[in-house]
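Residue numbers (mature numbering (1 follows the signal peptide of the UniProt record, and there is no 0)): -28 to -1, 1 to 214.
Below, the structure written as structure tokens:
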């Protein structure tokens, strides 16, 4: 029951964030919609959200613990890049250390994370970007190996002496084969319209690249309602917004 309530809180919070940041109407949403077509799905529910342990503390004071989420599908999302940009979200300001971790899902390849590093505490709530090209990797070849699945997580370190108290949100990612990456990259190179590039990524199953490209466009054109609608649509398609 507790886990169900946490999931409801996480979904409601992210939905309200999307509605607040990206107000839309049905006509605009239909015009802007990019259809995400995932590659063959892995085991379902690979996305995990972290959130408040309760809306109010023992003294009736509102709990300041944030709801944390990663912008990942509920299955393994794909990318054509070795060092893609990942996105996560927080419902409240954070005043604790934040850690990014990435590891192989196949433990026979190694138990040690390929990334385990603190990231900058955001100055605002909502969606945050992590550029893996700017992150310290623990391996020599700093990048995702093609056709290898990884779990990545963002954690708020609530108590450095007790990791079980950390708030953790995680998802999975896989870099596609070089042949498929080249095919998608060729389509992108032939298209100069940024919105259509988002659609190309989405239609070819590249979730992380679609959301990253769209987020960059929104940063450049924050008043473009079609871009904002397009982002909400993508989030809806993977169960991150209603």
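Don't be surprised by glycine CBs; every beta carbon is placed ideally from N, CA and C.
Along the chain, where does the alpha helix (DSSP H) that runs through residue i open and close?
i	result
residue 280	With the chain covering only -28 through 214, there is no way to say anything about residue 280.
residue 187	179 to 192
residue 175	166 to 175
residue 155	150 to 161
Apply the 10 Å Cβ neighbour rule to residue i and answer buried if 16 or more other Cβ atoms are within range, or exposed otherwise.
i	result
residue 186	buried
residue 83	exposed
Taking C-alpha atoms, which residue in the options lies nearest to residue i?
i	options	result
residue 173	198, 21 and 53	53
residue 39	194, 99 and 105	99
residue 110	101, 118 and 90	90
residue 64	148, 93 and 81	93
residue 121	8, 86 and 102	86
Helix or strand or just coil, what does DSSP make of residue i?
i	result
residue 212	coil
residue -2	Only weak support is given to the placement of residue -2: the predicted model assigns it a pLDDT of 42, under 50, and the value that follows is read from those uncertain coordinates. Helix, per DSSP.
residue 41	strand
residue 55	coil
residue 24	The predicted model places residue 24 with a pLDDT of 45, which falls under 50 and marks its position as unreliable, so this point remains unresolved.
residue -8	Unreliable placement is indicated for residue -8, whose pLDDT of 39 sits below 50; no coordinate value is reported for it.
residue 19	coil
residue 140	strand
residue 63	coil
Could you please give the first and the last residue of the uninterrupted beta strand (DSSP E) stretch that includes residue i?
i	result
residue 103	98 to 103
residue 49	49 to 51
residue 76	70 to 76
residue 121	121 to 128
residue 87	87 to 91
When you compare the stretch 142 to 149 with the stretch 39 to 48, are there three or more beta-carbon pairs, one atom per stretch, that lie closer than 8 angstroms? Enough Cβ pairs lie closer than 8 angstroms, so yes.
So does the stretch 101 to 117 actually touch the stretch 128 to 135, counting three or more Cβ pairs closer than 8 angstroms? no
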